[in-house]
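Which chain is which? The protein sequence lines are A and B, in order.
Just so you know, the first sequence maps onto residues 1 to 469 in the numbering used here.
Just so you know, the second sequence maps onto residues 1001 to 1218 in the numbering used here.
Glycine included, C-beta positions come from ideal geometry on N, C-alpha and C.
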Amino acid sequence: MFDFFKKSQNLLGMNARNLDYIRPYNRKKGMRIADNKLLCKRILQKNNLGVSSLIAKIKTHEELEQFDFTKLPDSFALKPNRGFGGGGIIVVYARKKNHSDAWIKANGSLITTDDIKSHIRNILDGSFSLSNIPDIAFFEERLKLLKLFKPYAFKGIPDIRVIIFNNVPVMAMLRLPTRASDGKANLQQGAIGVGIDLATGTTTSAILGKGHVIEYIPGTKLVLSGIKIPYWNEILRMSVESQRISGLGFLGTDISIDREKGPVILELNARPGLSIQLANLAGLKSRLKRVSGLKIKTTERGIRVGKNLFGGEIEEEIEELSGKRVIGSIEKVKLIGKDGKEIEVEAKIDTGADSTSIDIELAKQLGFSEVLAYFKALALPVITSREEGQTLHASLLDQYSKSHPDLADITIIYASNGISIRPKIKLLFIMDATEISAKVSVTDRSSLQYPLIIGRKNLGKFLIDTSKK
Amino acid sequence: MFHHPLVTFFVAQGIPEQTVLLLLMLPLVATLVAFFRQVIGIKAFGIYTPSIITFALLAFDPNGIKYGSAMFISIILVGMVTRFLLRNLRLLYLPRVAITLSIVSLSVLFLLFIGAITHRTGLASVSIFPLLIMITLAEKFVATQIEKGSKTAFILATETLVISIVGYFLVSWSWLTDFILAYPWAILFTFVINVWLGKWSGLRFTEYFRFQKITHSL
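This is the structure:
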């Protein structure tokens, strides 16, 4: 019990957030920027930080009446200037074919110009602004989803929240929209929050909604840990810069990654929520205390301090000492197909297997169907014993090894359920940012959990930590 | 019963004793609401609504809890149903609230009528002001529904009712009322409590639960 209370001292609660951090460090000027999206966009842009570009704004009911909706692009986001918590935002993806006054929303439903107008009236009347003060509506370009995030995000764009204090990034989380959150990256509405290791930008633990700890995306086999966030250093740099620009001492910067533009700042948050602690399984208060009082003069130094203090240091040290990468027993692997097609799968790291093995269907997807069909058509002998196999192997190799350009080798597998002859193909794959070229045996793994196992022959560059997820 | 000379003086000048008492109790109720928010973590609809509902419950006496809660719950239910009915009309905010308020007040009238024909005179004859206070609750509820969603609005309404009921018991605790009438200066002590609450930066009681899952990995 005493231990419980002692550990709780590391956590940042609502009272401490308001009293010890927001009140003293977030002055009125900064709050004004954070609560006004248009102003914020303008200021960030002036300082050369990426934002999504403004299409048009509507300030009054008269402007709304005169606004030419036919001039809008095919896809856009409509937002209230002083909205909060993602409320009042409408995102449309395309114009409805053969209709000049209807668009298609994220969830596939239609929205007409009249619907949009009535929504804008609500925005102007302040239905979505803090304390219902009259507001401005604006259109901005729609961000395009990054390929990497496609399997993880349900009808929306994930964003990355970075908490900055004293010019040091102290904690970060990736927010993934779900069906429950209706495509919004908002934890209160049921989005997924994934903790991020500050040093490497790799995801760690995850929560669903307000605090249910999860490992997979619900209903799928997609593991949430181990996702490498692209542009990580750039994201940290933008976050720290946005603190300098806004003057908000305790700041949550929300950044999204556009497929073409790269990272863009969505908004600055002067009252960042506390759930980020749950997503990271770590307390904010202890981190804030470690950073306060430090003299951080440059952005680079701030990033370095954040990475050193709050990154996965031990693992990096081992990697530095041994020159080997530390991986877990399940790893994400990016397979490069024959025609350059990339497929990402989860692979089991199997130190009990000699060589790497791939599922036949997956190999076909990677462009090897021709060689597999060729191999299947070969009249191969049936092998009944180990001795027979050893003598036959040499003759098989002689006969077929160079018979097809994609057939890299032939192997005989002696397993408890019988002996089989399998083809091997030459395959390039990337695991933990390391490129490996391997001869991979092909077999039917459809009844097994993982379509790919990585065997000893290809694990020379790695150390395996079975407790790592 | 001993009254402080000051209270006796006020009463002698023609201020009703009940009014003096209630005005002296208001700081206590407000402090209670502040305590619930900062230390326990129960939010409710701000500080005004739970305080005023506390006094509205009191006005329903002698069956304050029973009739007051029934009225409260009915108003919330009618508010929810009305929102559901009006959703597809896409009305602007104020006209929508106006319709909600109208339906709520008609429902209250209907409730009083039910009270009258079932001979619950305590319900039928309650004065208009607590009723009006209760009806304004509907606006607070609708505003929260729009801003934060029905679920949050419902939770906040429940929390408001809980705090108001606790407040009701506090204000109708005869030992406390006697004490305040005897030592009215004691209410100044609430300033001390509120300064302490205003500087309290510890975790709220509900936050221990919220973060319970991760305390072992800290």
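- Closer than 7 Å to the CB of B:K1213 there is at least one CB belonging to chain A.
- Under the three-state reduction of DSSP output, B:W1173 falls in the coil class, being neither helix nor strand.
- Beta bridge pairing from DSSP links A:V213 with A:I207.
- If you look at A:E346, you'll find it in the beta strand (DSSP E) that goes 342 to 349.
- DSSP, read as helix, strand or coil, puts A:A438 in strand.
- The residue among A:S286, A:L407, A:K289 with its C-alpha nearest the C-alpha of A:L427 is A:L407.
- In chain order, L1092 make up the part of chain B whose C-beta sits under 8 Å from the C-beta of A:R121.
- Contact between B:G1167 and B:L1032 holds: CB atoms are separated by about 6 Å, below the 8 Å threshold.
- Shown here, A:N48 sits in coil according to DSSP, grouped into three states, outside any helix or strand.
- Close to B:E1207, with beta-carbon spacing below 9 Å, are these residues of chain A in chain order: S8, L11, G13, M14, N15, L274.
- Contact between A:A199 and A:G311 holds, with the beta-carbon distance rounding to 2 Å and staying under 8 Å.
- In this structure, DSSP gives A:F165 an extended state, which the three-state scheme calls strand.
- Per the coordinates, the alpha-carbon of A:F429 lies some 4 Å from the alpha-carbon of A:L335.
- Bounds of the alpha helix (DSSP H) holding B:P1005 are 1005 to 1012.
- Ranking A:I120, A:F154, A:W232, A:D135 by CA distance to the CA of A:M173 puts A:W232 first.
- Rounded to whole angstroms, the gap between the alpha carbons of A:P423 and A:I413 is 11 Å.
- For A:N122, the uninterrupted alpha helix (DSSP H) segment begins and ends at 113 to 124.
- Only buried fits A:D135, as 16 or more other CB atoms lie within 10 angstroms of its CB.
- Per DSSP, the continuous alpha helix (DSSP H) segment holding A:A363 begins and ends at 360 to 363.
- DSSP, reduced to helix, strand and coil, places A:L378 outside both helices and strands of the structure shown, so it counts as coil.
- Of the residues assessed, A:N98 falls on the exposed side of the cut-off, its CB having fewer than 16 other CB atoms within 10 angstroms.
- Around the CB of B:G1014, fewer than 16 other CB atoms lie within 10 Å, so the residue is classed as exposed.
- Here A:F165 is not near A:L294, since their CB atoms are 7 Å or more apart.
- Secondary structure at A:L72: coil, using DSSP grouped into helix, strand and coil.
- Inclusion of A:P151 and A:L176 in the CB contact set at 7 Å is not warranted, their separation being larger than that value.
- If you check each beta-carbon in the stretch 1071 to 1101 of chain B against every beta-carbon of chain A, the ones closer than 7 Å belong to R1090, L1092, Y1093.
- When Cβ-Cβ separations below 7 Å define contact, B:R1204 makes contact with chain A.
- Taking 7 Å as the threshold, the shortest C-beta distance from B:S1127 to chain A does not fall below it.
- The Cβ of B:L1218 sits closer than 7 Å to at least one Cβ of chain A.
- Below the 7 Å Cβ cutoff, chain B contributes no neighbours of A:D35, its closest Cβ being approximately 15 Å away.
- Taking all protein chains shown into account, A:W103 has 16 or more neighbouring C-beta atoms within 10 Å of its C-beta and is therefore buried.
- Residue-level contact check: A:F4 touches chain B, since one or more beta carbons of chain B fall below 7 Å from its beta carbon.
- For B:Q1145, no CB of chain A lies under 7 Å from its own CB, so it is not counted at the interface with that chain.
- Rounded to the nearest whole angstrom, the CA to CA distance from A:S395 to A:I421 is 13 Å.
- In chain order, F139 place their CB closer than 6 Å to the CB of A:A56, counting only its own chain and leaving out the 5 sequence neighbours on each side.
- When DSSP states are grouped into helix, strand and coil, A:S329 belongs to the coil group.
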